[in-house]
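2 protein chains.
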Amino acid sequence: MKNNQNYQYVVGVDLGATKIYAAVIDKKGKILGSTRAKTNAEEGFNQVIDRMFDCIMKAIESCGLTLAEIGAIGVGSPGPLNLVEGTIIETPNLGWKDAPLKSRLEKTLKKPVKVDNDGNVGILGEYAYGAGHGAQHMVGLFVGTGIGGGVIIDGKLLHGFNENAGELGHMILDPNGPLCGCGRKGCLEAFSSRLAIEKQIRIAAINDLSSTTIFKKTKSKYDRISSSILAKSYADNDPAVVEAIDRSATYLGYAAASLLNIFNPEVVVIGGGVVEALGNAYVKTVGKVAVENAFAIASRNVRIVPAELKDDSAVLGASFLAWQAIG
Amino acid sequence: MKNNQNYQYVVGVDLGATKIYAAVIDKKGKILGSTRAKTNAEEGFNQVIDRMFDCIMKAIESCGLTLAEIGAIGVGSPGPLNLVEGTIIETPNLGWKDAPLKSRLEKTLKKPVKVDNDGNVGILGEYAYGAGHGAQHMVGLFVGTGIGGGVIIDGKLLHGFNENAGELGHMILDPNGPLCGCGRKGCLEAFSSRLAIEKQIRIAAINDLSSTTIFKKTKSKYDRISSSILAKSYADNDPAVVEAIDRSATYLGYAAASLLNIFNPEVVVIGGGVVEALGNAYVKTVGKVAVENAFAIASRNVRIVPAELKDDSAVLGASFLAWQAIG
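These protein sequences, in sequence, are chains G and W.
So for the first sequence, this note's numbering puts the first residue at 380; every next one is plus one.
So for the second sequence, this note's numbering puts the first residue at 380; every next one is plus one.
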């Protein structure tokens with residue numbers, strides 16, 4: 380479904396496990412209006428589609444526009460997805476299977492809809508409007524509860540044969556390393572994710588309770604350690620926290636070194652909740668370790684920089700998809 | 380320099396550190412005639428260009444053709460290269476710097492010349508005419524003295540920003556692992572190359588001389604252990620050799636697992652002197668470890684197969700470049 384009218388706006392939607400975020404965006408990546416709602420995925424796919432529709436319409440109304448003025452809709456969704464059909468093949472986070480995301484939204488909105496998985500869409504946002512702007516070869520690594528990633532080659536997302544390329548969080552950095560959530564050993568995610576950092580701190584505390592005071596900052600010592608609490612303890616020079624975070628950044632640097640040798644990118648964008656909380660020091664460590672461990676020629680002129688778009692990366696990337704749909 | 384005449388033949392040249400191999404090749408990848416000569420790089424770039432010219436002309440004459448019937452020339456060369464200019468930036472193997480390979484050959488031959496680095500050209504050969512034929516997404520890993528690699532995405536070689544992508548031999552598989560020839564620790568090459576296998580066997584022999592009889596097969600125990608001697612001792616179930624080779628295949632499998640997660644390819648081609656000597660058992664181990672350590676969806680339907688073209692991969696890949704030059 381192509382549409383060559385001279386539209387000025389599209390809608391980007393970030394469909395997350397907990398929230399839906401829809402934004403009206405122009406060609407320069409400016410957000411003109413937006414709405415958020417809870418996903419409540421347990422109510423089922425049909426309910427969520429209706430809620431996405433409401434969100435999209437409210438975002439459009441919030442900037443005094445009508446659906447007729449919107450060229451297309453882009454959606455970042457949890458995956459794995461079938462990109463051609465625009466279906467969610469399966470998603471543990473949302474609990475759906477073979478959900479016809481694209482066709483249902485197109486039927487409801489009577490507009491072209493393009494979908495991609497949430498990680499890729501965030502990378503696309505940073506590529507088009509954020510820290511990767513202007514580069515044609517980009518690698519993105521996003522450190523949160525897990526580790527997401529994506530790759531842009533010659534200005535295009537790397538999708539691969541089954542459209543599941545870019546699982547950079549599961550590069551093996553030590554086959555005898557710590558157990559990963561994926562069931563294997565020594566993946567990047569098992570060294571560098573927020574959960575891996577938390578686990579390291581707990582191991583340190585079990586061995587020596589005096590090695591950290593972080594559990595005075597959490598509600599109880601069984602409580603999840605958030606990125607912002609990590610950042611506070613890091614700023615306080617809490618020994619176990621500093622060690623765990625430096626280890627996270629160092630292993631992310633090793634992964635980035637391999638990615639420099641593999642892709643020879645122009646820019647590596649480092650983002651995600653952990654990185655946003657910890658700031659530039661974390662990214663600097665990643666960059667140092669990466670360049671030290673990659674070939675000089677593969678790291679020549681490369682920029683290793685923090686992501687810029689934060690929570691907006693997915694809607695902006697989704698808006699870029701939407702422009703492609705009517706390009 | 381484009382040329383749209385309806386040519387039937389091109390010449391592919393494999394410029395190696397020790398030999399030059401030129402072949403006349405048709406559109407289907409059939410080699411009609413070929414010549415080889417020693418490189419003798421120490422005589423200097425101009426001498427080698429003259430020798431390449433001789434080789435090309437003799438290959439053409441050997442199949443009763445003339446230069447006028449040749450559409451273009453493709454060359455695989457040691458690198459790093461500047462692909463746009465067609466110059467060899469620097470090459471420790473040949474001892475040249477900023478050597479204008481493409482322009483000198485074009486001046487001499489009055490035909491379009493396209494160059495790429497030897498590793499990439501070998502991958503391109505397997506993609507176009509060998510084990511990767513028909514696939515659009517392919518990863519190649521070549522195990523010899525070192526480890527070469529390359530990646531095809533959507534039918535095109537991955538080159539990256541500085542045209543130095545594809546250094547798969549220097550993916551980090553253990554930051555505390557054995558020292559690599561590149562000066563860093565735990566690269567794939569430090570686990571899986573012929574030199575790494577040889578080193579492991581020597582370590583085993585130092586610890587326990589009875590662990591191997593391989594030095595009865597080499598001229599002296601200081602002598603290089605060739606791939607064919609490795610294969611003989613492996614067939615004889617020499618304990619240290621079996622262990623070192625299984626370790627090589629296992630770590631190559633870990634690297635392949637990461638590459639499945641990163642690229643989600645349709646086919647992974649495993650080649651090089653070590654693999655040719657050891658045969659399918661080696662490739663099977665690689666495939667097993669790779670699939671066990673990658674996401675199911677990233678390895679669904681993937682083929683992990685031995686290379687097919689052996690010594691001809693580079694001239695065939697170079698011929699594919701040549702067709703592109705007049706495409």
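Just so it is clear, CB atoms sit at the ideal spot from N, CA and C, and this is done for glycine as well.
Identify the continuous beta strand (DSSP E) that holds residue i and give its terminal residues.
i, result
"V463 (chain G)", "That residue, V463 (chain G), is in no beta strand (DSSP E); it is neither H nor E in DSSP."
"T664 (chain W)", "Run containing T664 (chain W): none in the beta strand (DSSP E); it sits in the alpha helix (DSSP H), 659-671."
"P685 (chain W)", "682-685"
"K493 (chain W)", "492-496"
"A451 (chain W)", "449-456"
"G650 (chain W)", "646-650"
Helix, strand or coil for residue i, going by three-state DSSP, please let me know.
i, result
"N382 (chain W)", "Only weak support exists for where N382 (chain W) lies, its pLDDT of 48 falling under 50; the value from the coordinates is given anyway. Looking at N382 (chain W) - three-state DSSP - the assignment turns out to be coil, as it is neither helix nor strand."
"A401 (chain G)", "strand"
"Y388 (chain W)", "strand"
"E469 (chain G)", "strand"
"K409 (chain W)", "coil"
"L394 (chain G)", "strand"
"T592 (chain W)", "coil"
"K437 (chain G)", "helix"
"A617 (chain G)", "The amino acid at residue 617 (chain G) is misidentified as Ala; the sequence shows Asp. D617 (chain G): coil per DSSP, three-state reduction."
"R415 (chain G)", "strand"
"D477 (chain W)", "strand"
"F699 (chain W)", "helix"
"K689 (chain W)", "helix"
"R603 (chain G)", "coil"
"N425 (chain W)", "helix"
"G706 (chain G)", "coil"
"T597 (chain G)", "coil"
"L446 (chain W)", "helix"
"N643 (chain G)", "coil"
Please state whether the Cβ-Cβ distance between residue i and residue j is less than 7 Å.
i, j, result
"C434 (chain W)", "I399 (chain W)", "yes"
"A660 (chain G)", "S606 (chain G)", "no"
"D432 (chain G)", "A478 (chain G)", "According to the sequence shown, residue 432 (chain G) is Phe rather than Asp. No, they are not a contact pair."
"S590 (chain G)", "P554 (chain G)", "no"
"S692 (chain G)", "G504 (chain G)", "yes"
"L631 (chain G)", "V665 (chain G)", "yes"
"N472 (chain G)", "P457 (chain G)", "yes"
"M517 (chain G)", "G511 (chain G)", "yes"
"I649 (chain W)", "L520 (chain W)", "yes"
"G548 (chain G)", "I532 (chain G)", "no"
"L480 (chain W)", "I467 (chain W)", "yes"
"S627 (chain W)", "S571 (chain W)", "yes"
"N496 (chain W)", "E546 (chain G)", "no"
"A451 (chain G)", "S413 (chain G)", "no"
"N541 (chain G)", "R563 (chain W)", "no"
"A420 (chain W)", "F642 (chain G)", "no"
"A623 (chain G)", "I576 (chain G)", "yes"
"L552 (chain G)", "G565 (chain G)", "yes"
"G534 (chain W)", "Q515 (chain W)", "yes"
Looking at the unbroken alpha helix (DSSP H) that takes in residue i, where does it start and where does it end?
i, result
"I608 (chain G)", "606-614"
"T487 (chain G)", "480-488"
"A675 (chain W)", "675-678"
If I'm right that residue i touches residue j with Cβ under 8 Å, what's the distance once you round it to whole angstroms?
i, j, result
"K596 (chain W)", "K611 (chain W)", "6 Å"
"P644 (chain W)", "V670 (chain W)", "Actually they are not in contact, since the Cβ atoms of P644 (chain W) and V670 (chain W) sit about 13 Å apart, beyond 8 Å."
"A416 (chain G)", "L695 (chain G)", "Incorrect: roughly 19 Å between the Cβ atoms, too far for contact."
"E440 (chain W)", "Y388 (chain W)", "About 13 Å; that fails the 8 Å criterion."
"L700 (chain G)", "G453 (chain G)", "3 Å"
"G391 (chain W)", "S678 (chain W)", "So it is not a contact: roughly 33 Å between Cβ atoms."
"V522 (chain W)", "G651 (chain W)", "4 Å"
"A634 (chain G)", "L567 (chain G)", "5 Å"
"G465 (chain W)", "V494 (chain W)", "5 Å"
"W702 (chain W)", "K406 (chain W)", "7 Å"
"H443 (chain W)", "T418 (chain W)", "It is worth fixing the name first, because residue 443 (chain W) is Gly in this sequence and not His. The pair is not a contact, with the Cβ atoms about 27 Å apart (cut-off 8 Å)."
"V620 (chain G)", "L609 (chain G)", "6 Å"
"V654 (chain W)", "V662 (chain W)", "6 Å"
- Item | Start-end ranges of the beta strand (DSSP E) lying completely within the region 510-587 of chain G, minimum 3 residues | DSSP runs (the beta strand (DSSP E)) wholly in the region 510-587 of chain G: 517-522, 526-532.
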